[in-house]
Amino acid sequence: MVNERLIFRSPLQRRIVISAGRRRPEEGTSAAMFLALTYSVALMTAPINGTAASMDMVRPPIAFNARPPRKMHSITVPIPPASRGIALPKVEGPRDGSRPLVVIDAGHGGHDPGASNAAAGEQEKDVTLAVSQAIRERLLASGRVRVALTRNDDRFLVLEERYGIARRLSADLFISIHADAAPNAEARGATVYTLSETASDREAARLAARENRSDIINGVNLSGQESAVSNILIDLTQRETMQQSSSFARILQREATPFVPFRSTAHRFASLIVLKAPDTPSILFETGYISNAQDAAFLTSREGQQQIADGVGKAIEVYFARRAAAP
Numbered sequence: 000m001v002n003e004r005l006i007f008r009s010p011l012q013r014r015i016v017i018s019a020g021r022r023r024p025e026e027g028t029s030a031a032m033f034l035a036l037t038y039s040v041a042l043m044t045a046p047i048n049g050t051a052a053s054m055d056m057v058r059p060p061i062a063f064n065a066r067p068p069r070k071m072h073s074i075t076v077p078i079p080p081a082s083r084g085i086a087l088p089k090v091e092g093p094r095d096g097s098r099p100l101v102v103i104d105a106g107h108g109g110h111d112p113g114a115s116n117a118a119a120g121e122q123e124k125d126v127t128l129a130v131s132q133a134i135r136e137r138l139l140a141s142g143r144v145r146v147a148l149t150r151n152d153d154r155f156l157v158l159e160e161r162y163g164i165a166r167r168l169s170a171d172l173f174i175s176i177h178a179d180a181a182p183n184a185e186a187r188g189a190t191v192y193t194l195s196e197t198a199s200d201r202e203a204a205r206l207a208a209r210e211n212r213s214d215i216i217n218g219v220n221l222s223g224q225e226s227a228v229s230n231i232l233i234d235l236t237q238r239e240t241m242q243q244s245s246s247f248a249r250i251l252q253r254e255a256t257p258f259v260p261f262r263s264t265a266h267r268f269a270s271l272i273v274l275k276a277p278d279t280p281s282i283l284f285e286t287g288y289i290s291n292a293q294d295a296a297f298l299t300s301r302e303g304q305q306q307i308a309d310g311v312g313k314a315i316e317v318y319f320a321r322r323a324a325a326p
């Protein structure tokens, strides 16, 4: 017999479902082994901070926030927090709270320079901040959306803090700005990444490995938590978010092409930690290759940064106009 029990419901109307098959243990089978063999746990969402799901062989599933009673064989599933509790950035733009909120994330920062072009003396963290600020000014000038930056100066944020800010602000769109680098100095052009557990190609896998290494390189090892995040967030409840992310990526490529040179394969997929907010459409925008002389000149010029901002701003306007018109 298989029982399905709704054991928790969050304000966001997500749930954890425990499916349990029960039978009597054979003689000589330990309780722990019996539990492992006869219970299957189907985790279908990530509802709220610090909650765990547990079940035993006698009592039905329960939700708890403390240790289970002694002599109770249990399976626990930790739910990662939305962020580590850093101060939220200022939300700028119209005071009308019904206007969409866009969070712009300037990649890298502080003691994490990101990619670099030694010959030009340029670092990715400076380029991403300048481009993000240009996008903010473009959005504020239009007055159609509200906007917040994850960082507005040269500071380091771990990846979880970046998308955690978007979640805590209930953002309608999250855009992480980056500038790529490659051993081949001829590589150039912008690329838009959306979330997938399987990389679309070898270069997408390379970029994901480099970007996801940022925390570990800078002394913050969240690998254990990342495993939990992967298991929890890539589920049925996130499919709509991922579809919206891909929709915006396609709009961005189309609307920004007159302003920004794109690669031939402009929309790619990768398992990027910074895009794993389950409830916020998210993209990572590689605005070009800082390792390429032409792209570096474009990315570091005020004119180039303004062109990127115009392309992103146009795409955001089209995206939200379509969403507003949808039935």
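The sequence shown: position 253 = 252 (numbering that gives the first Met the number 0), numbered continuously. Here a beta-carbon is modelled for each residue, glycine too, at the ideal position from N, C-alpha and C.
Residue i in three-state terms, based on DSSP
i, result
"I250", "helix"
"R94", "coil"
"S245", "helix"
"A295", "helix"
"E239", "helix"
"R167", "helix"
"L148", "strand"
"I282", "strand"
"T50", "The predicted position of T50 is uncertain, since its pLDDT is 42 and thus under 50; no value can be drawn from it."
Start-to-end residues for the beta strand (DSSP E) that takes in residue i
i, result
"V191", "189-194"
"R267", "261-269"
"V273", "Premise fails: V273 is in no beta strand (DSSP E) and is neither H nor E."
"D104", "100-105"
Paired residues, beta bridge with residue i - DSSP
i, result
"V157", "The partner list for V157 (beta bridge, DSSP) is empty, contrary to what the question assumes."
"G108", "D111"
"L172", "V101"
"Y288", "D179"
Sequence-distant residues of the same chain with beta carbon closer than 7 Å to residue i, five excluded per side
i, result
"N116", "I289, S290, A295"
"R154", "G108, G109"
"F297", "G287, G303"
"A248", "V191, T193, H266, I282"
"L156", "G108, T149, R150"
"Q293", "R187"
Alpha helix (DSSP H) segment containing residue i, residue limits
i, result
"A327", "No answer is possible for residue 327: it lies beyond the span of the chain, which begins at 0 and ends at 326."
"A180", "First-last for A180: undefined, no H or E at that position."
"V130", "123-141"
Nearest-angstrom beta carbon gap, residue j and residue i [assumed within contact, 8 Å]
i, j, result
"H110", "F284", "The Cβ separation is near 23 Å, so there is no contact."
"I174", "V101", "7 Å"
"F268", "Y192", "7 Å"
"I134", "V311", "5 Å"
"L168", "I315", "In fact, because the Cβ distance is near 16 Å, the residues do not count as touching under 8 Å."
"A147", "K89", "7 Å"
"T149", "R161", "5 Å"
"V144", "G96", "Contact flag wrong, Cβ pair sits at about 12 Å."
"L158", "I272", "4 Å"
"T299", "V126", "6 Å"
6 Å Cβ shell around residue i - same chain, five flanking residues per side excluded
i, result
"R260", "Note that residue 260 corresponds to Pro in the displayed sequence, not to Arg. Closer than 6 Å at Cβ, skipping near neighbours: G188."
"D179", "E285, Y288"
"I307", "V130, V259, T286"
"F319", "P99"
"P112", "Q122, K124"
"A170", "L100, V102, T279"
"L128", "A105"
"L251", "V191, A314"
Within-7 Å CB hit, residue i to chain B
i, result
"G188", "Looking for chain B here will not work: only one protein chain is present."
Contacting residues, own chain, Cβ-Cβ under 8 Å from residue i (five flanking each side not counted)
i, result
"S244", "T193, L194, L274, P280, S281, I282"
"G142", "G92, P93"
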